[in-house]
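J.: Chains as they are written, first to last, in full-length UniProt numbering: chain A, 1 to 431; chain B, 1 to 431. Note that the Cβ used here is the ideal one computed from N, Cα and C, for glycine as well. All values reported here derive from a predicted model rather than from experimental measurement. Here's a structure for you.
There are 2 protein chains.
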Amino acid sequence: MSLTEHPHPASCPVSRSGFSRRSFLTRLGLVSATAAVGMTAACSDTGSGDTAGDATGDAADPVVAFDGVHQAGIETPVQANNSTVAFTLRDGVDATGIQRLLRIWTGDARRLCAGETALADLEPELSADPARLTITCGFGRGLFRAAGIDDRAPDWLEPLPAFTGDQLDARWGDRDLVLQICGDDRTTVSHALRVLVRGGADYARPSWTQEGFLDVPVGEDGTPGTSRNLFGFKDGTVNPRTDAEFAEQVWIGTEATDPAHVDGTCLIIRRVAFDMPLWEAADRPTREVAMGRTIVEGAPLTGTEEFDEPDLDAIGADGLPVIDQHSHIALATVHDGDERQRMLRRGYNYDLPVSASSADGLVDADLIALSDTGLIFTCFQPDPRNAFIPVQRRLSEGDRLNEWITHTGSAVFFVPPGTADGEYWGQALFA
Amino acid sequence: MSLTEHPHPASCPVSRSGFSRRSFLTRLGLVSATAAVGMTAACSDTGSGDTAGDATGDAADPVVAFDGVHQAGIETPVQANNSTVAFTLRDGVDATGIQRLLRIWTGDARRLCAGETALADLEPELSADPARLTITCGFGRGLFRAAGIDDRAPDWLEPLPAFTGDQLDARWGDRDLVLQICGDDRTTVSHALRVLVRGGADYARPSWTQEGFLDVPVGEDGTPGTSRNLFGFKDGTVNPRTDAEFAEQVWIGTEATDPAHVDGTCLIIRRVAFDMPLWEAADRPTREVAMGRTIVEGAPLTGTEEFDEPDLDAIGADGLPVIDQHSHIALATVHDGDERQRMLRRGYNYDLPVSASSADGLVDADLIALSDTGLIFTCFQPDPRNAFIPVQRRLSEGDRLNEWITHTGSAVFFVPPGTADGEYWGQALFA
Ligand code: HEM
Ligand code: HEM
Numbered sequence: 001m002s003l004t005e006h007p008h009p010a011s012c013p014v015s016r017s018g019f020s021r022r023s024f025l026t027r028l029g030l031v032s033a034t035a036a037v038g039m040t041a042a043c044s045d046t047g048s049g050d051t052a053g054d055a056t057g058d059a060a061d062p063v064v065a066f067d068g069v070h071q072a073g074i075e076t077p078v079q080a081n082n083s084t085v086a087f088t089l090r091d092g093v094d095a096t097g098i099q100r101l102l103r104i105w106t107g108d109a110r111r112l113c114a115g116e117t118a119l120a121d122l123e124p125e126l127s128a129d130p131a132r133l134t135i136t137c138g139f140g141r142g143l144f145r146a147a148g149i150d151d152r153a154p155d156w157l158e159p160l161p162a163f164t165g166d167q168l169d170a171r172w173g174d175r176d177l178v179l180q181i182c183g184d185d186r187t188t189v190s191h192a193l194r195v196l197v198r199g200g201a202d203y204a205r206p207s208w209t210q211e212g213f214l215d216v217p218v219g220e221d222g223t224p225g226t227s228r229n230l231f232g233f234k235d236g237t238v239n240p241r242t243d244a245e246f247a248e249q250v251w252i253g254t255e256a257t258d259p260a261h262v263d264g265t266c267l268i269i270r271r272v273a274f275d276m277p278l279w280e281a282a283d284r285p286t287r288e289v290a291m292g293r294t295i296v297e298g299a300p301l302t303g304t305e306e307f308d309e310p311d312l313d314a315i316g317a318d319g320l321p322v323i324d325q326h327s328h329i330a331l332a333t334v335h336d337g338d339e340r341q342r343m344l345r346r347g348y349n350y351d352l353p354v355s356a357s358s359a360d361g362l363v364d365a366d367l368i369a370l371s372d373t374g375l376i377f378t379c380f381q382p383d384p385r386n387a388f389i390p391v392q393r394r395l396s397e398g399d400r401l402n403e404w405i406t407h408t409g410s411a412v413f414f415v416p417p418g419t420a421d422g423e424y425w426g427q428a429l430f431a
Numbered sequence: 001m002s003l004t005e006h007p008h009p010a011s012c013p014v015s016r017s018g019f020s021r022r023s024f025l026t027r028l029g030l031v032s033a034t035a036a037v038g039m040t041a042a043c044s045d046t047g048s049g050d051t052a053g054d055a056t057g058d059a060a061d062p063v064v065a066f067d068g069v070h071q072a073g074i075e076t077p078v079q080a081n082n083s084t085v086a087f088t089l090r091d092g093v094d095a096t097g098i099q100r101l102l103r104i105w106t107g108d109a110r111r112l113c114a115g116e117t118a119l120a121d122l123e124p125e126l127s128a129d130p131a132r133l134t135i136t137c138g139f140g141r142g143l144f145r146a147a148g149i150d151d152r153a154p155d156w157l158e159p160l161p162a163f164t165g166d167q168l169d170a171r172w173g174d175r176d177l178v179l180q181i182c183g184d185d186r187t188t189v190s191h192a193l194r195v196l197v198r199g200g201a202d203y204a205r206p207s208w209t210q211e212g213f214l215d216v217p218v219g220e221d222g223t224p225g226t227s228r229n230l231f232g233f234k235d236g237t238v239n240p241r242t243d244a245e246f247a248e249q250v251w252i253g254t255e256a257t258d259p260a261h262v263d264g265t266c267l268i269i270r271r272v273a274f275d276m277p278l279w280e281a282a283d284r285p286t287r288e289v290a291m292g293r294t295i296v297e298g299a300p301l302t303g304t305e306e307f308d309e310p311d312l313d314a315i316g317a318d319g320l321p322v323i324d325q326h327s328h329i330a331l332a333t334v335h336d337g338d339e340r341q342r343m344l345r346r347g348y349n350y351d352l353p354v355s356a357s358s359a360d361g362l363v364d365a366d367l368i369a370l371s372d373t374g375l376i377f378t379c380f381q382p383d384p385r386n387a388f389i390p391v392q393r394r395l396s397e398g399d400r401l402n403e404w405i406t407h408t409g410s411a412v413f414f415v416p417p418g419t420a421d422g423e424y425w426g427q428a429l430f431a
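Take a look at the structure:
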């Protein structure tokens, strides 16, 4: 099913009963794949049911297909929770060890996402409800090196260049492997994370975890709406939606230097801290000018609806551009007609309880100043040299948002293509 | 509507269509109170609709009534997320300041829970969907003192006595005030927390935040099921459910020494750390013996169904008690026929990303050993001297679970009764 089709056509009795605004379509979870007699089943006569091998998933189905041409968790409409863990390979783990690790992980991830029991899982009850669980695996340069196949790594797989204003902490930096675990049920996500950490413990140790959340709105017609970041803006409006857009903006195509890269993608995770007290001191017009969009609708300042095309050349009565040239969207959008600058953004909000991470001296400190809030900016593209890097160069130099944000983490991964049943992640790279 | 009634009787077309297992009933959220045309409306001919003033709430309604005889967030079926923040009054804040603070907070909380805009809220879009938001306020002894009404504090409002094995950190200790913010949407919860922190900033500063989550299962018949803690057990089986049980086990009755305490309650928050690696080394029979219940069903070891009555006197073929006398339930249950030992437990799981709180030296440390996982054990009762204290004394000395758990935080609060429209929390105490 493509993202642009309605998961629940008007002929489905459920979508007519009026309770459309949000949550139930996307958060509807049943106890297991075999119990998936929910919305999909109720509406299966409409032809909207998704089938195994369709990684996009149906927002009403608690099981997102694990196997497919592409890994799940990318095209999948955003889930409410995301725990992303980066790993460091243990000393001496070589190609054989890495293949073992990937075989264990892929098998366990496949089972967990289907609502089945992972091997050696003593608490299967904690993930009995997959609630749209997806587990997406990425490789850092270090994995290719340790496996002795550095020549098979994509050229672009290296630390991103420095950008103006970066205040990067190695704590959120590049690592050998990453697992992005998303789902609508935090217990399931938390348990899946733990099962995979334990299952891979002989080969890799977790090095950082980034934990985020999103609201998951559902539009009047049952299609997914746009979630908001903690600045209050709809985030994800301009994003690929059709298969053709994904083919251009996300998946590595057949022109890849290595055939094992085809249908993979590049995952970038930037941790971006928000200065909330300063943001809250700005009034709404200031915020809207900085973004180039309205807060309520998410419309460009030259339009009224979220999906109106921004007119970057429009001049207001005061003789100035209606959309400021240093607004976030004016700088983030395609420049010089280079369509390769497009990407899929799939970030998550974070908001950590500060006291939990405080030293004793911070007891009773003023959390207003200390809020640990921001965005785990996550994007996918075929090659960052054509997308993230030129766009972030422009943003880092001129974006009005920079007054309130600081990039504190940066990591890049190659996401291998999807799997067939029984295959493991990246298997073709070891052939 | 009482908790024992089915929110969705069989005559509701939605409950017949098969997608009953979980989430959509409890997580169904609509954009605002006025847009509440959801499940409740669809099924309103069944007579199950809840009405303003009913703090229990209907699991299908995104708005839990704020005003009522008792505060919301106690009888309310558990929501998916909980951020609980404890505050310290700023130096010099007296009865007048405290009343101002409570007036601001109660007004903002009332608006937020209805999906309306709090005063001076610049991002109302972030909480437009209340998603069963509840905000519950509690007072520590320090508030009574600062207000010069120490004689009106309940006698029991003081730090809990020390228990065997406690390893308490003042970081999670007693404070002047607390706000328990629960809801099915983390963005809404996160934003509500921030609005209240900012709104009260002149009077009180946040001192700790405890952030937790639960799965929110819905039984086949539409009634709420029992969530699981991160040990994998159903947690909340033996709990008050009827109004009569709440009157006995939760609400302060008319025998209270101060009439302003009536319909209030005592809230205890214990932070309990789980040793996950050690737990994972225990097999399932060991776990079940330690708890006295089965993992899958949550049945007592003398029964087969979750709600079977445990038989603590039953002797097995081996001549030993079937439910070990040092199991958690054998020690936690009523002893000596003293029914006052019952309480409402409404705890939340926590599982924090360790790296986020790590010092630089911990980069790449082994998170398996470092997992920051546990239970924000939360209970309500009329008087802790009759309930939590005797029960925890038994548990701290003999509970088999102690091998895997450590109490690291302890706080006690008086929760004033619910409000009428326009009233503020605890208003009668200042009369
Ligand atoms: C913390 C920082 C950021 C925030 C709060 C933010 C937020 C937003 C928002 C609200 C929009 C407009 C709505 C939409 O199309 O989704 C947007 C658009 C966009 N952002 Fe960001 N963003 C951030 C960082 C970045 C970064 C680091 C990049 C990439 C380098 C980026 C790339 C884009 C792109 C490509 C668009 C679409 C532009 C267009 O064609 O209209 N953003 N962002
Ligand atoms: C971290 C520690 C704890 C865990 C993992 C835990 C878990 C459980 C579980 C799984 C049950 C059985 C199912 C149920 O009735 O909900 C239970 C029952 C109970 N627990 Fe705990 N609990 C913990 C701490 C406490 C504490 C600190 C208290 C109070 C001092 C307490 C009081 C109770 C009570 C009163 C029952 C019901 C006993 C009965 O009448 O059957 N628990 N707990």
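Got a sec? Which residues, its chain only, sit under 6 Å from residue 476 of chain B by beta carbon, not counting five neighbours each side?
T.: What the structure shows of chain B is the stretch from 1 to 431, and residue 476 of chain B is not part of that stretch, so it cannot be assessed.
J.: Between Asp215 of chain B and chain A, is there a C-beta pair that is closer than 7 Å?
T.: On the second sequence, residue 215 of chain B is found 215 positions in, with the first residue counted as 1. Cβ-Cβ to chain A under 7 Å: yes for Asp215 of chain B.
J.: Does the Cβ-Cβ distance between Ser227 of chain A and Asp243 of chain A come in under 7 Å?
T.: Numbered from 1 along the first sequence, position 227 holds the residue referred to as residue 227 of chain A. Numbered from 1 along the first sequence, position 243 holds the residue referred to as residue 243 of chain A. For Ser227 of chain A and Asp243 of chain A, no; Cβs fall outside 7 Å.
J.: Rounded to a whole number of angstroms, what is the C-alpha to C-alpha distance between Ala36 of chain B and Gln180 of chain A?
T.: Numbered from its first residue, the second sequence carries residue 36 of chain B at position 36. Numbered from its first residue, the first sequence carries residue 180 of chain A at position 180. Low confidence applies to Ala36 of chain B: its pLDDT is 29, below 50, so where it sits in the model is not reliable enough to give any reading.
J.: Can you name, in chain order, every residue of its own chain whose Cβ lies under 6 Å from the Cβ of Gly140 of chain B, other than the five neighbours on each side?
T.: Within the second sequence, residue 140 of chain B is the residue found at index 140, counting from 1. Closer than 6 Å at the Cβ level, and outside the excluded window around Gly140 of chain B, lie Asp174, Arg175, Asp176, Phe413.
J.: How would you label Pro77 of chain B, buried or exposed, when you count the other beta carbons within 10 angstroms and need 16 or more for buried?
T.: The residue you call residue 77 of chain B lines up with position 77 of the second sequence. Buried is the call here.
J.: Establish whether the CB of Leu133 of chain A and some CB of chain B are separated by less than 7 Å.
T.: The residue you call residue 133 of chain A lines up with position 133 of the first sequence. No, because no Cβ of chain B sits closer than 7 Å to the Cβ of Leu133 of chain A.
J.: Would you say the beta carbon of Gly347 of chain B is closer than 6 Å to some non-hydrogen atom of ligand 3?
T.: Ligand 3 is not among the ligands present in this structure, which contains only ligand 1 and ligand 2.
J.: Under 7 Å, do Leu168 of chain A and Ser396 of chain A count as touching if we go by C-beta distance?
T.: Along the first sequence, one-based indexing puts residue 168 of chain A at 168. Along the first sequence, one-based indexing puts residue 396 of chain A at 396. Result no, Cβ atoms of Leu168 of chain A and Ser396 of chain A do not sit closer than 7 Å.
J.: Output, in chain order, the set of chain B residues within a Cβ distance shorter than 8 Å of residue 471 of chain A.
T.: Chain A is shown only over 1 to 431; residue 471 of chain A falls outside these bounds and no answer can be derived.
J.: Is residue 432 of chain B near ligand 1, judged by its Cβ being under 6 Å from some heavy atom?
T.: As displayed, chain B neither begins before 1 nor continues past 431, which places residue 432 of chain B out of reach and without an answer.
J.: What is the residue span of the beta strand (DSSP E) that Gly298 of chain A lies within?
T.: Position 298 of the first sequence, counted from the start, is the residue given in the question as residue 298 of chain A. Note, Gly298 of chain A: premise wrong, no beta strand (DSSP E); not H, not E.
J.: For the beta strand (DSSP E) that contains Phe414 of chain A, what are its first and last residues?
T.: Here residue 414 of chain A refers to the residue found at position 414 when the first sequence is read from its first residue. Where Phe414 of chain A is concerned, the enclosing beta strand (DSSP E) stretches over 405-415.
J.: Is it the case that the stretch 373-389 of chain B contacts the stretch 336-349 of chain B, given that we only count it when at least three CB pairs across the two stretches are under 8 Å?
T.: Segments in contact, yes.
J.: Does the CB of Pro154 of chain B have a neighbour CB from chain A at under 7 Å?
T.: On the second sequence, position 154 is the one that residue 154 of chain B refers to. Pro154 of chain B does not count as touching chain A.
J.: Return yes when the C-beta of Thr242 of chain B is under 6 Å from any heavy atom of ligand 2, and no when it is not.
T.: To locate residue 242 of chain B, count along the second sequence from 1; it is residue 242. Not under cutoff, so the answer is no.
J.: For Thr406 of chain A, would you say it is in contact with chain B, using Cβ-to-Cβ distances shorter than 7 Å as the test?
T.: Numbered from its first residue, the first sequence carries residue 406 of chain A at position 406. Not one chain B Cβ lies under 7 Å of Thr406 of chain A.
J.: In terms of residue numbering, what span does the beta strand (DSSP E) encompassing Ile98 of chain B cover?
T.: Locating residue 98 of chain B in the second sequence gives position 98, where the first residue counts as 1. Counting along the chain, Ile98 of chain B falls outside any beta strand (DSSP E), though it belongs to the alpha helix (DSSP H) covering 95-113.
J.: Quick one: measure Cβ to Cβ for Gln71 of chain B and Phe430 of chain B, integer angstroms, because I've assumed they're closer than 8 Å.
T.: Here the question's residue 71 of chain B lines up with position 71 in the second sequence. Here the question's residue 430 of chain B lines up with position 430 in the second sequence. 17 Å between Cβ atoms; not a contact.
J.: From which residue to which residue does the alpha helix (DSSP H) around Ile329 of chain A run?
T.: Within the first sequence, the letter at position 329 stands for residue 329 of chain A. Here the alpha helix (DSSP H) through Ile329 of chain A covers 328-332.
J.: With a threshold of 8 Å on Cβ separation, who are the neighbours of Gly422 of chain A within its own chain once the five nearest residues in sequence on each side are excluded?
T.: Here the question's residue 422 of chain A lines up with position 422 in the first sequence. Hits under 8 Å: none found.
J.: Given the structure, does Ala387 of chain A come close to ligand 2, in the sense that its CB is under 6 Å from one of the ligand's heavy atoms?
T.: Taking the first residue of the first sequence as position 1, residue 387 of chain A is located at position 387. Flag unset: Cβ of Ala387 of chain A not near ligand 2.
J.: Around the Cβ of Leu119 of chain B, are there at least 16 other Cβ atoms within 10 angstroms (buried) or fewer (exposed)?
T.: As a position in the second sequence, residue 119 of chain B is number 119, starting the count at 1. Exposed.
J.: Under a three-way DSSP split, which group does Phe388 of chain B fall into?
T.: Locating residue 388 of chain B in the second sequence gives position 388, where the first residue counts as 1. Reduced to three states, the DSSP call for Phe388 of chain B is helix.
J.: Taking the CB atoms as reference points, tell me whether Pro240 of chain B and Phe233 of chain B lie closer together than 7 Å.
T.: Residue mapping note: residue 240 of chain B aligns to position 240 of the second sequence, counting from 1. Residue mapping note: residue 233 of chain B aligns to position 233 of the second sequence, counting from 1. In this structure, Phe233 of chain B does not lie closer than 7 Å to Pro240 of chain B by Cβ.
J.: Tell me whether Pro341 of chain A counts as near ligand 2, meaning its Cβ is closer than 6 Å to at least one heavy atom of that ligand.
T.: On the first sequence, position 341 is the one that residue 341 of chain A refers to. It is Gln, not Pro, that sits at residue 341 of chain A in the sequence shown. No, ligand 2 has no heavy atom inside 6 Å of this Cβ.
J.: In this structure, does DSSP put Gly219 of chain B in helix, strand or coil?
T.: Here the question's residue 219 of chain B lines up with position 219 in the second sequence. Three-state result, Gly219 of chain B: coil.
J.: Quick check: the Cα distance between Ile74 of chain A and Thr136 of chain A, rounded to an integer number of angstroms?
T.: The residue labelled residue 74 of chain A in the question sits at position 74 within the first sequence. The residue labelled residue 136 of chain A in the question sits at position 136 within the first sequence. Taking the straight line joining both Cα atoms gives about 8 Å.
J.: Hey, Phe87 of chain B and Arg205 of chain B are a contact pair by Cβ (cut 8 Å); roughly how many whole angstroms apart?
T.: Along the second sequence, one-based indexing puts residue 87 of chain B at 87. Along the second sequence, one-based indexing puts residue 205 of chain B at 205. About 6 Å; that satisfies the 8 Å criterion.
J.: Which residue from B:Leu102, B:Leu89, B:Ala114, B:Val93 puts its Cα closest to that of Phe66 of chain B?
T.: For this step, residue 66 of chain B is matched to residue 66 along the second sequence. Closest by alpha carbon: B:Ala114.
J.: Could you tell me which chain A residues have their CB closer than 9 Å to the CB of Ser190 of chain B, listed as they occur along the chain?
T.: For the purposes of this step, residue 190 of chain B is taken as the residue at position 190 of the second sequence. Going along chain A in sequence order, the residues near Ser190 of chain B (Cβ under 9 Å) are Phe213, Leu230, Asn349, Asp351, Thr373.
J.: Just how far apart, CA to CA, sit Asp121 of chain B and Val195 of chain B?
T.: As a first step, residue 121 of chain B is located in the second sequence; it is residue number 121 there, counting from the start. As a first step, residue 195 of chain B is located in the second sequence; it is residue number 195 there, counting from the start. Between Asp121 of chain B and Val195 of chain B, the C-alpha separation is close to 7 Å.
J.: To test your reading of the DSSP string, which unbroken alpha helix (DSSP H) runs of 4 or more residues are found completely within the stretch 126-160 of chain A?
T.: Runs found: 141-146.
J.: First and last residue of the beta strand (DSSP E) that includes Glu211 of chain B?
T.: Here residue 211 of chain B corresponds to residue number 211 of the second sequence, with the count starting at 1. From DSSP, the beta strand (DSSP E) with Glu211 of chain B extends over 204-213.
J.: Taking the CB atoms as reference points, tell me whether Val322 of chain A and Leu301 of chain A lie closer together than 7 Å.
T.: In the first sequence, residue 322 of chain A corresponds to position 322, counting from 1. In the first sequence, residue 301 of chain A corresponds to position 301, counting from 1. Yes, these two residues count as a Cβ contact at 7 Å.
J.: Give a yes or no on whether the C-beta atoms belonging to Asp166 of chain B and His407 of chain B are separated by under 7 Å.
T.: Start at 1 with the first residue of the second sequence, and residue 166 of chain B comes out as number 166. Start at 1 with the first residue of the second sequence, and residue 407 of chain B comes out as number 407. Yes.
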